[in-house]
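Q:
Protein chains: 2
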Amino acid sequence: MPRIHFHQQLVELKDKLLTMAALAQQTMEAAVEAYVQRNAALCQYVRENETAINTQHLEVDEMACDLLAKEQPMAIDLRFILAVIKINGDLERVGDQAMSIALRTLATIEEEPVDLPVDIFTMGGYAARMIRTSIQALLDGDAPLAESILDMDDEIDRMNRVAHGELIRIIQEKSEVASQALQAIIVSRNLERIADHACNIAADVIFWVRGADVRHQLITAE
Amino acid sequence: MPRIHFHQQLVELKDKLLTMAALAQQTMEAAVEAYVQRNAALCQYVRENETAINTQHLEVDEMACDLLAKEQPMAIDLRFILAVIKINGDLERVGDQAMSIALRTLATIEEEPVDLPVDIFTMGGYAARMIRTSIQALLDGDAPLAESILDMDDEIDRMNRVAHGELIRIIQEKSEVASQALQAIIVSRNLERIADHACNIAADVIFWVRGADVRHQLITAE
Numbered sequence: 000m001p002r003i004h005f006h007q008q009l010v011e012l013k014d015k016l017l018t019m020a021a022l023a024q025q026t027m028e029a030a031v032e033a034y035v036q037r038n039a040a041l042c043q044y045v046r047e048n049e050t051a052i053n054t055q056h057l058e059v060d061e062m063a064c065d066l067l068a069k070e071q072p073m074a075i076d077l078r079f080i081l082a083v084i085k086i087n088g089d090l091e092r093v094g095d096q097a098m099s100i101a102l103r104t105l106a107t108i109e110e111e112p113v114d115l116p117v118d119i120f121t122m123g124g125y126a127a128r129m130i131r132t133s134i135q136a137l138l139d140g141d142a143p144l145a146e147s148i149l150d151m152d153d154e155i156d157r158m159n160r161v162a163h164g165e166l167i168r169i170i171q172e173k174s175e176v177a178s179q180a181l182q183a184i185i186v187s188r189n190l191e192r193i194a195d196h197a198c199n200i201a202a203d204v205i206f207w208v209r210g211a212d213v214r215h216q217l218i219t220a221e
Numbered sequence: 000m001p002r003i004h005f006h007q008q009l010v011e012l013k014d015k016l017l018t019m020a021a022l023a024q025q026t027m028e029a030a031v032e033a034y035v036q037r038n039a040a041l042c043q044y045v046r047e048n049e050t051a052i053n054t055q056h057l058e059v060d061e062m063a064c065d066l067l068a069k070e071q072p073m074a075i076d077l078r079f080i081l082a083v084i085k086i087n088g089d090l091e092r093v094g095d096q097a098m099s100i101a102l103r104t105l106a107t108i109e110e111e112p113v114d115l116p117v118d119i120f121t122m123g124g125y126a127a128r129m130i131r132t133s134i135q136a137l138l139d140g141d142a143p144l145a146e147s148i149l150d151m152d153d154e155i156d157r158m159n160r161v162a163h164g165e166l167i168r169i170i171q172e173k174s175e176v177a178s179q180a181l182q183a184i185i186v187s188r189n190l191e192r193i194a195d196h197a198c199n200i201a202a203d204v205i206f207w208v209r210g211a212d213v214r215h216q217l218i219t220a221e
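Quick mapping for you: the protein sequence lines, in order, are chains W and Z.
Take numbering that gives the first Met the number 0: the last position of the first sequence gets the number 221, and nothing is skipped along the way.
Take numbering that gives the first Met the number 0: the last position of the second sequence gets the number 221, and nothing is skipped along the way.
Quick look at the structure:
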């Protein structure tokens with residue numbers, strides 16, 4: 000019964016991807032917490048997770064490529080495996096963004112805390128919700144849920160633009176906060192990029208479930 | 000003779016990808032030139048090219064997925080098609096980075112020119128050389144050439160770090176240049192990311208030619 004075996008392997012592939020997705024989500028949430036709490040230990044946790052994500056990225060990629068090579072799947076199974084390969088790449092990049100936030104955090108906590116006109120906590124929570132929802136859409140193969148994520152992207156783009164403007168303003172007024180304000184600008188961009196990856200994942204779920212390619216129509220290039 | 004037809008399609012797929020690669024390269028070079036020359040018309044050229052890249056990205060992706068579905072290729076052909084899918088994604092992101100540089104340029108040229116301690120021209124030339132070399136490695140299936148690109152990445156990372164440090168320093172000294180210095184920091188990061196995409200392309204060429212996965216071993220996460 001080779002087809003039953005094949006479908007077991009697809010289930011296993013999906014499980015592996017979901018495990019990696021959960022790790023990517025925890026890592027980005029930990030990175031936001033590290034920044035907000037100025038916590039170096041959490042940065043170390045992010046660093047270790049990022050290494051684990053890289054390992055899982057290669058494993059998922061290898062398993063997906065092996066399945067393509069050995070089973071020569073058709074139609075929806077093929078679309079699923081191709082979606083897995085792409086989502087896997089996006090999750091790995093979520094790990095990279097989390098790592099960037101951790102590095103910004105380590106640079107920030109070397110200096111005295113300053114008040115900055117940016118709410119990384121709220122932005123981080125919003126980006127985390129987009130990632131969490133995209134994983135849920137993947138878990139359930141839920142295209143309408145995936146579509147709802149694409150609608151969320153404008154709001155985080157707006158938050159990032161506002162933060163950028165406010166932070167530039169304060170840098171010009173108080174040069175002593177320049178270095179930390181700059182780190183905050185980068186963290187804000189990291190979160191906006193994490194949201195972009197959530198949108199990519201959502202688009203791949205729609206491609207898998209419906210066979211339609213919604214990239215570029217709905218996602219604006221940054 | 001279905002196999003001959005299949006190999007013709009592979010040649011066509013590679014041609015399509017190389018066309019897109021050439022466009023991505025021109026677009027990033029134009030973006031650097033736009034920034035250095037403060038040229039709004041070139042920004043518009045970048046914007047139009049970026050739209051064309053997005054269209055080509057979908058076409059290459061669709062052709063690659065169709066080939067996987069219909070021809071069920073094995074071994075090196077399968078690896079080639081998977082490499083095409085990944086390289087295609089990297090080229091599309093090179094277009095995104097070029098677009099980001101064009102947007103930063105448009106913001107910059109609204110203000111009076113200032114002297115900044117960063118050499119975007121040299122950094123841009125270096126990143127362009129990495130992209131050009133990665134495309135050459137793809138064209139020739141040249142794994143040693145691809146490896147040489149991975150060795151180039153440290154230098155642009157170093158340039159980006161130095162630029163970042165210098166630009167933060169000048170922001171603290173002269174708050175009136177803050178906004179343009181910030182745009183320069185972002186452009187410097189865009190170029191560093193373009194170099195990362197060149198490395199990803201190189202790693203995919205090595206995977207295609209040798210069947211070995213060199214990602215994460217050689218490329219440090221940002």
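Cβ atoms here follow ideal geometry from the backbone N, Cα and C, with glycine treated the same way.
Since W/Cys64 meets chain Z, which of its residues come closer than 7 angstroms, beta carbon to beta carbon?
A: Leu81
Q: What separation, rounded to the nearest whole angstrom, lies between the Cα atoms of Z/Ser178 and W/Ser174?
A: The straight-line gap from Cα to Cα measures roughly 12 angstroms.
Q: Given a cut-off of 7 angstroms on the beta-carbon distance, is the pair Z/Leu77 and Z/Ala126 in contact?
A: no
Q: Less than 6 angstroms between the CB of Z/Lys173 and some heavy atom of the ligand GDP, yes or no?
A: With respect to the ligand GDP, the structure offers nothing, as it holds no ligand at all.
Q: Cβ of Z/Glu221 less than 7 angstroms from any chain W Cβ?
A: Because Z/Glu221 carries a pLDDT of 36, less than 50, the predicted location of this residue cannot be relied on, and the following value inherits that uncertainty. Yes, Z/Glu221 counts as interfacial toward chain W.
Q: Name, please, each residue of chain Z whose Cβ falls closer than 7 angstroms to the Cβ of W/Ser187.
A: By Cβ distance, chain Z contributes nothing, its closest Cβ being about 12 angstroms from W/Ser187, past 7 angstroms.
Q: Whole angstroms are fine: how far does the CA of Z/Ala63 sit from the CA of W/Ile167?
A: 44 angstroms
Q: Just how far apart, CA to CA, sit W/Met27 and W/Leu149?
A: 19 angstroms
Q: Quick one, are the C-beta atoms of Z/Ala30 and Z/Ile86 less than 7 angstroms apart?
A: At the C-beta level, Z/Ala30 and Z/Ile86 stay beyond 7 angstroms of one another.
Q: Just how far apart, CA to CA, sit W/Cys198 and W/Leu144?
A: 11 angstroms
Q: According to the Cβ coordinates, are Z/Ala183 and Z/Leu105 closer than 7 angstroms?
A: no
Q: Within the 7 angstroms Cβ cut-off, does Z/Gln8 reach chain W?
A: no
Q: Where W/Asp89 and Z/Glu172 are concerned, what is the direct C-alpha to C-alpha distance, given to the nearest angstrom?
A: 39 angstroms
Q: So with CB distances below 8 angstroms, who are the chain Z contacts of W/Met73?
A: Neighbours of W/Met73 in chain Z, taken as residues at a C-beta separation under 8 angstroms, are given in chain order as Ala68.
Q: Assuming Z/Arg90 is part of the alpha helix (DSSP H), what are its boundary residues?
A: The question names Arg, but residue 90 of chain Z in the sequence shown is Leu. Ala74 to Thr107 is the span of the alpha helix (DSSP H), which, as asked, contains Z/Leu90.
Q: Does the Cβ-Cβ distance between W/Val45 and W/Ile119 come in under 7 angstroms?
A: Result no, Cβ atoms of W/Val45 and W/Ile119 do not sit closer than 7 angstroms.
Q: Examine chain Z for any beta-carbon lying closer than 7 angstroms to the beta-carbon of W/Leu181, and answer yes or no.
A: yes
Q: Using CA atoms only, rank isn't needed, just tell me which of Z/Val83, Z/Leu138, Z/Glu91 and Z/Asp203 is closest to Z/Leu22.
A: Z/Glu91
Q: How would you list, in chain order, the residues of chain Z whose beta-carbon sits under 8 angstroms from the beta-carbon of W/Leu77?
A: Cys64, Leu67 and Ala68
Q: Which residues of chain W have a Cβ atom closer than 8 angstroms to the Cβ of Z/Gln171, listed in chain order?
A: Residues of chain W passing the Cβ test: Ser174, Glu175, Ala177 and Ser178.
Q: Pick out the complete beta strand (DSSP E) segments inside the segment 127–166 of chain Z, 3 residues or longer, and give them in chain order.
A: none
Q: Does the distance from the C-beta atom of Z/Arg103 to that of Z/Ile169 stay below 7 angstroms?
A: no
Q: Any C-beta of chain W sitting closer than 7 angstroms to the C-beta of Z/Ile100?
A: no
Q: Let me know the secondary structure DSSP gives Z/Asn199 once reduced to three states.
A: helix
Q: With Z/Lys69 as the anchor, note down where its alpha helix (DSSP H) starts and where it stops.
A: Ala39 to Glu70
Q: Is it buried or exposed for W/Glu47, if we count other Cβ within 10 angstroms and need 16 for buried?
A: exposed
Q: Let me check understanding here. Comparing Cα to Cα, which of Z/Ala40, Z/Ile80, Z/Ala68 and Z/Leu17 lies closest to Z/Gln55?
A: For the residues Z/Ala40, Z/Ile80, Z/Ala68 and Z/Leu17, the minimum Cα distance to Z/Gln55 belongs to Z/Leu17.
Q: Against chain Z, which members of the segment 82–96 of chain W pass a CB distance test of less than 8 angstroms?
A: Ile84, Lys85, Gly88, Gly94 and Asp95
Q: From this set, W/Asn159, W/Ala180 and W/Glu154, which residue's C-alpha is nearest W/Ile108's C-alpha?
A: Its Cα nearest to that of W/Ile108, the residue W/Ala180 stands out among W/Asn159, W/Ala180 and W/Glu154.
Q: Taking a Cβ distance cut-off of 9 angstroms, strictly less, list which residues of the segment 117–142 of chain Z are near chain W, in chain order.
A: Cβ contacts with chain W come from no residue of the segment 117–142 of chain Z.
Q: Given a threshold of 16 other Cβ atoms within 10 Å of its Cβ, counted over all protein chains shown, does Z/Glu49 qualify as buried or as exposed?
A: buried
Q: Mind listing the chain W neighbours of Z/Ile193? Cutoff is C-beta to C-beta under 7 angstroms, in chain order.
A: In chain order: nothing, as chain W lies at least about 14 angstroms away.
Q: Going along the chain, which residues of its own chain have a beta-carbon closer than 7 angstroms to the beta-carbon of W/Leu41, five neighbours each way excluded?
A: Ala29, Glu32 and Ala33
Q: Using a Cβ-Cβ distance cut-off of 7 angstroms, determine whether Z/Ile167 contacts chain W.
A: yes
Q: Note down, in chain order, each residue of its chain lying with its Cβ closer than 8 angstroms to the Cβ of Z/Gln224, except the 5 sequence neighbours on either side.
A: Lying before the first or after the last residue shown, residue 224 of chain Z is absent from chain Z, which here runs from 0 to 221.
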